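Notes for the one structure printed next.
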Amino acid sequence: MRTTHTVLTLLVTIAGFLSGHGQVQKEGLIFHYSVMDALRNGVYKGDITVKTLKSKGDFGIGTYNFLDGEMIVLDGIFYRIPSTGKVTKAETEREVPFTCLAVFSSDQEYEISGIKTIEALQNEVQKRLPSSNKPYALRIECSFDSILVGGAEKVQEKDTTGLAELMKTRPLYKKEHISGTMVGFYTPPSFSAIDLSPFHFHFISADKTFGGHLISGVLSAAKIKISIDEKSGYEIMLPKNSTTFDKPWPQQHARSSY
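Heads up: the sequence shown begins at 175 in the working numbering, then just goes up one per residue.
Right, here's the structure in full:
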């Protein structure tokens with residue numbers, strides 16, 4: 175046992191030495207707490223806090239327990255957009271039923287212009303991805319002539335209405351002539367039970383007063399800066415004590431949007 179401990183210690187030391195000299199690179203993972211199929215089936219309660227999630231990434235999206243607001247994580251700050259549409263900073267003890275996080279480190283950056291719709295922008299991004307079968311974190315700095323984002327409204331604790339049904343009456347927020355950041359991910363079709371595929375974006379304004387789930391918009395003529403962070407896979411953590419998560423789900427097939 176003593177010998178094994180010595181060998182493990184040596185390996186860790188060597189790995190640390192090589193990493194410090196640029197010879198070993200740790201591949202980044204996208205961290206998921208729960209999966210999109212859980213939300214699709216009404217699992218709106220988790221047992222992980224914002225405080226714990228801060229160690230999992232500085233960039234990402236998600237929601238809060240019982241859908242009490244949309245989540246946007248940018249530059250390490252966890253924002254919350256409740257049903258009023260007012261952007262606030264999330265309390266560290268607030269719990270989360272679903273989130274997708276990453277430590278963002280751009281692998282490639284480029285600027286484009288002449289794109290007017292979200293669909294055209296997504297098509298342009300997808301053409302530049304090295305692989306359509308790997309996940310990516312995407313940060314896009316852009317301006318909109320007009321934009322429509324969606325919020326989330328708090329439900330009763332025992333409400334397990336499917337997400338698609340709830341989204342029919344979700345709060346919507348519109349804005350004109352606004353700049354900000356699209357925070358999101360590309361998820362390969364083979365992982366569409368984990369998250370929306372191919373893209374899932376939230377938007378937050380540059381002054382951090384407006385945001386939500388990106389639904390539609392007309393982009394301005396200004397240049398769009400796109401930063402792509404290729405990831406090697408996923409780390410997935412599931413709720414520990416959730417009867418709604420543990421029971422059989424009526425919807426077992428992933429959907430492409432909500």
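Don't be surprised by glycine CBs; every beta carbon is placed ideally from N, CA and C. Small disclaimer: the values here were computed from a predicted structure and weren't measured.
Problem - Contacts around H195, its chain only, beta-carbon distance under 6 angstroms, and the 5 residues preceding and following it disregarded - result: For H195, the pLDDT reaches just 36, beneath the cut-off of 50, and the residue's location in the model is therefore unreliable, leaving the point undetermined.
Practice task
Could you tell me the boundaries of the beta strand (DSSP E) in which T273 lies?
Solution key: F272 to A276 is the extent of the beta strand (DSSP E) around T273.
Problem - Neighbourhood of A264 by C-beta, 6 angstroms cutoff - its chain only, sequence neighbours within 5 removed - result: Its chain contains V224, F252 and R254 as the residues whose beta carbon lies nearer than 6 angstroms to that of A264, once the 5 sequence neighbours on both sides are disregarded; these appear in chain order.
Practice task
Indicate whether I352 and S390 have their beta-carbon atoms separated by less than 8 angstroms.
Solution key: No, they are not a contact pair.
Handout entry: Option in Y408, S401 and F373 with minimal Cα separation from D281
Key = Relative to the Cα of D281, the nearest Cα in the group Y408, S401 and F373 belongs to S401.
Practice task
Output the distance between the C-alpha atoms of Y310 and G358, rounded to the nearest integer angstrom.
Solution key: Between Y310 and G358, the C-alpha separation is close to 9 angstroms.
Exercise for the section: Compute the beta-carbon to beta-carbon distance between Q296 and F377, rounded to the nearest angstrom, for a pair I have assumed lies under 8 angstroms. Expected result: About 13 angstroms; that fails the 8 angstroms criterion.
Practice task
Drop a sphere of 10 angstroms on the beta-carbon of E331, count the other beta-carbons inside from all chains shown, and report buried for 16 or more, exposed for fewer.
Solution key: The C-beta of E331 has fewer than 16 other C-beta atoms within 10 Å across all chains shown, which makes the residue exposed.
Exercise for the section: Give me whichever residues DSSP pairs with H376 in a beta bridge. Expected result: Under DSSP, H376 shares a beta bridge with V357 and H387.
Handout entry: Same chain, Cβ closer than 6 angstroms to G407, five either side skipped, listed in chain order
Key = Counting only residues of its own chain and dropping the five nearest sequence neighbours on each side, G407 has a CB closer than 6 angstroms to the CB of L203.
Practice task
For the beta strand (DSSP E) containing M210, list its first residue and its last residue.
Solution key: Per DSSP, M210 lies in no beta strand (DSSP E) segment; the continuous alpha helix (DSSP H) that holds it begins and ends at M210 to R214.
Problem - Identity of the residues DSSP links to T291 by a beta bridge - result: Looking at the DSSP assignment, T291 forms a beta bridge with V392.
Handout entry: Cβ-Cβ separation, C274 to G236 (assumed contact under 8 angstroms), whole Å
Key = That belief holds up - the Cβ atoms of G236 and C274 are roughly 6 angstroms apart, short of 8 angstroms.
Exercise for the section: Express the C-alpha separation of K290 and V329 in angstroms, rounding to a whole number. Expected result: Near 35 angstroms, if we compare the C-alpha coordinates of K290 and V329.
Practice task
Specify the secondary structure class of E404 as computed by DSSP and reduced to three states.
Solution key: Residue state, collapsed to three classes: strand.
Exercise for the section: For L227, count neighbouring C-beta atoms within 10 Å of its own C-beta (all shown protein chains included) and say buried if the count is 16 or more, exposed if not. Expected result: With 16 or more other Cβ atoms within 10 Å, it is buried.
Exercise for the section: Return yes when the Cβ of E409 is within less than 8 angstroms of the Cβ of K135, no when it is not. Expected result: In the structure as shown, the chain begins at 175 and stops at 432. Residue 135 is therefore absent and cannot be evaluated.
Practice task
Compute the distance between the beta-carbons of M411 and Y238, then report whether it is under 8 angstroms.
Solution key: No, the Cβ-Cβ distance between M411 and Y238 is not below 8 angstroms.
Practice task
Just list the beta strand (DSSP E) runs in the stretch 308–367, keeping only unbroken ones of 3 residues or longer that don't cross its boundaries, in chain order.
Solution key: Secondary structure remark: continuous beta strand (DSSP E) runs of at least 3 residues inside the stretch 308–367, in chain order: 310–324 and 346–360.
Problem - Bridge-paired residues (DSSP) for V247 - result: Listed as beta-bridge partners of V247 by DSSP are G234 and F252.
Practice task
Within the same chain, show all residues whose beta-carbon is closer than 7 angstroms to that of F278, passing over the 5 residues directly before and after it, in chain order.
Solution key: Closer than 7 angstroms at the Cβ level, and outside the excluded window around F278, lie D232, F233, A311, R313 and D403.
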